[in-house]
Amino acid sequence: CLLKDLLEERALARGTLSKLGAERKSWRRRYFVLLPNQLRYYSDADLAHPKGSVMLSMHDEVKSPSAYPGLPSPFSLELTSASRTTVLCADSEAELSVWLSAINRVLKPELADTSQSLRFGLTEHDPAAAAGGQGMLKSSARSRQPSAAALALAAARTHPAQTSGSANNTATA
Numbered sequence: 074c075l076l077k078d079l080l081e082e083r084a085l086a087r088g089t090l091s092k093l094g095a096e097r098k099s100w101r102r103r104y105f106v107l108l109p110n111q112l113r114y115y116s117d118a119d120l121a122h123p124k125g126s127v128m129l130s131m132h133d134e135v136k137s138p139s140a141y142p143g144l145p146s147p148f149s150l151e152l153t154s155a156s157r158t159t160v161l162c163a164d165s166e167a168e169l170s171v172w173l174s175a176i177n178r179v180l181k182p183e184l185a186d187t188s189q190s191l192r193f194g195l196t197e198h199d200p201a202a203a204a205g206g207q208g209m210l211k212s213s214a215r216s217r218q219p220s221a222a223a224l225a226l227a228a229a230r231t232h233p234a235q236t237s238g239s240a241n242n243t244a245t246a
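Numbers in my numbering are just positions in the sequence shown, counted from 1, shifted up by 73.
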């Protein structure tokens with residue numbers, strides 16, 4: 074069980090999803106383990122019977138929801154590359170959100186902090202945290218939409234050269 078322990082230690086996400094078969098086009102429940110470079114899937118959580126893997130470095134897009142007909146649940150995503158599309162379904166919106174966030178962190182690590190800030194509607198700068206040099210943002214219970222200040226901060230983190238001389242830049246979500 075050393076391999077199982079190692080996989081679970083390195084896992085960015087893990088859990089059961091439904092996967093559309095590449096050849097038979099039928100849905101199968103599989104246990105998935107997201108690693109820094111690939112999404113592995115197994116017959117069950119014992120990790121004893123590997124069924125395959127999806128190399129994430131080969132995939133350039135994750136979409137949700139999937140447009141594939143006959144989905145077993147509305148909580149779906151597609152991983153797309155030039156040669157392959159992998160369609161997965163979660164059992165709930167919360168599970169799908171966890172998988173999308175984790176996969177996006179692997180596919181686009183440079184956007185991980187920005188997307189999390191924008192996704193959770195972080196809008197107010199916390200002066201106490203800034204005094205400690207951390208520049209933390211705190212969540213606003215009033216609004217799920219990011220403020221112009223949060224968007225400008227996110228843009229500055231992502232593209233510092235484009236925003237440094239312009240205080241009037243605004244981003245659109």
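Virtual Cβ for every residue (Gly too), placed ideally from N, Cα, C.
When the options are compared against residue i, the one with the closest alpha-carbon
| i | options | result |
| --- | --- | --- |
| VAL106 | GLU96, GLY125, GLY94 and ALA95 | GLY125 |
| GLU96 | ASN110, ASP164 and THR159 | THR159 |
| GLU151 | ARG83, LYS92, ARG87 and ALA86 | LYS92 |
| LEU161 | ARG83, LEU112 and GLU81 | LEU112 |
| GLU166 | LYS181, MET131, SER156 and PRO138 | PRO138 |
| THR153 | GLY88, ILE176 and VAL171 | ILE176 |
Inter-residue spacing [alpha-carbon to alpha-carbon] between residue i and residue j
| i | j | result |
| --- | --- | --- |
| THR245 | LEU173 | Note that THR245 scores 30 on pLDDT, short of 50, meaning its location in the model is unreliable; the coordinates nonetheless yield the value given after this. Going by the C-alpha atoms only, they are around 21 Å apart. |
| ALA121 | TYR115 | 7 Å |
| GLY194 | GLU168 | At GLY194 the pLDDT is 34, less than 50, meaning the model places this residue with poor confidence; the figure from the coordinates comes in the next sentence. Answer to the nearest angstrom: the Cα atoms are 20 Å apart. |
| GLY143 | ARG83 | 33 Å |
| PRO109 | MET128 | 10 Å |
| ALA86 | GLY94 | 21 Å |
| MET131 | LYS98 | 22 Å |
| PRO123 | GLU81 | 14 Å |
| GLU183 | ASP133 | 14 Å |
| SER170 | LEU180 | 15 Å |
| ARG178 | VAL135 | 11 Å |
Endpoints, the beta strand (DSSP E) within which residue i is located
| i | result |
| --- | --- |
| SER91 | 86–93 |
is_contact[residue i, chain B] using C-beta, thresh 8 Å
| i | result |
| --- | --- |
| ALA118 | The structure shown has no chain B; it contains just one protein chain. |
Cβ-Cβ separation, residue j to residue i (assumed contact under 8 Å), whole Å
| i | j | result |
| --- | --- | --- |
| ASP164 | SER146 | 6 Å |
| THR89 | ARG102 | 6 Å |
| TYR104 | ALA118 | 5 Å |
Distance cut-off 7 Å: residue i Cβ against heavy atoms of the ligand GTP
| i | result |
| --- | --- |
| LYS92 | Absent from the structure shown: the ligand GTP. Ligands present: none. |
Whole runs of the beta strand (DSSP E) within the segment 107–186, excluding any shorter than 3 residues
111–115, 123–128, 132–136, 149–154 and 158–162
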